[in-house]
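The structure appears right after this line, and notes come after that.
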Amino acid sequence: MADITVRKMTFEWPDDLGVLPIPSDLIRSCELLGISMTLPYLEPYLIRTMRMAAMVTRDETLRSDLKNFSGQEAHHHRNHSQVNALIKSKLNSKTTEALERTEAALSAEYHEFSEEQDLKFNLAYGQGFETMTLGLALMLFEEGFDHYDSAWARLVEWHLAEEIEHRSVTFDVYDKIFGSYLYRLRVGSWAQSHYLGYAFRFAHILWQELSDDPNRHDHEHNPWGTKRKVLKAHWQSGLVQRVLKATPPWYDPKKIDTPASVAAALAKYDALAA
Ligand SMILES: [Fe+2]
Ligand SMILES: [Fe+2]
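Per this note's numbering, the very first residue in the sequence shown carries number -1; after that it's consecutive.
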């Protein structure tokens, strides 16, 4: 059984919360905000998928892991919904309308996946997303959170530490129920690019309001406008290489060593949880 603790966190958000999670880095901040905007739709979709998987497996250990995974994801999306609403209240109506149109499209797509795609597809999608999130979480833990706004740092550190804690669940459930490597790779890679398409759409909407670049409304100045630009930026950050490490058939997230700072963060949030 995976060692997963469901922590109920209640974060206090100051009214004067800064919009940028990393005040010194507008682009990275817009990406983190873009990810945050997807989570109230993505994480409930993962929970729906895990519920369906729990109905088809009799493996009690796996069922318990699925329950704990969903417990963590439920607290994640509730906290992100709260901060997303606060951030939207600080933006102009043109930006919030564009964000809400994108939210509606994403929500509709994930409901369509739950209703019209089979369990194999939905589990492979979840595994693709979690694999990429694990790469991002390990990268951000290595960088540390000292340069973050302090209120944002708590949310990001708690969420990513739990992503690392439950890293094996979507991999194990897909592996035990279906186990086809090539399908996992194909749908998982597609899932990553589908998900990032939305995260970067949100990031771009936010950047258009938050940037003072005079050309920010020209399409060619969109930092996420082409796959090439995105790949180049995330090759430089090291994220692409981390995600590629998860592609060989012998990949197993359980075998990944995690930095000591993750265990320290989990212990810290154990003490802070309600
Ligand atoms: Fe999460
Ligand atoms: Fe997760």
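Virtual Cβ for every residue (Gly too), placed ideally from N, Cα, C.
If you're wondering where the values come from, they're calculated on a predicted model, not measured in any experiment.
In the three-state DSSP reduction, Pro21 falls in the coil class, being neither helix nor strand.
Across the set Gly126, Gly195 and Leu153, the C-alpha of Gly126 shows the shortest separation from the C-alpha of Phe169. Per the CB criterion, closer than 6 Å to any heavy atom of ligand 2, the qualifying residues run in chain order as Glu71, Glu128, Thr131, Glu161 and His164. For ligand 1, a non-hydrogen atom lies closer than 6 Å to the CB of His74. Counting only the Cα atoms, Glu58 lies some 26 Å from Ala261. With contact defined as three or more Cβ pairs closer than 8 Å, the stretch 140 to 149 and the stretch 175 to 190 are not in contact. Burial state of Met53 is exposed, judged by a 10 Å Cβ sphere holding fewer than 16 other Cβ atoms. Taking C-beta separations shorter than 7 Å and ignoring five residues to either side along the sequence, the partners of Leu237 in its chain run Gly133, Leu134 and Met137, following chain order.
In the three-state DSSP reduction, Thr3 falls in the coil class, being neither helix nor strand.
The Cβ atoms of Ile85 and Val154 do not sit closer than 7 Å to each other.
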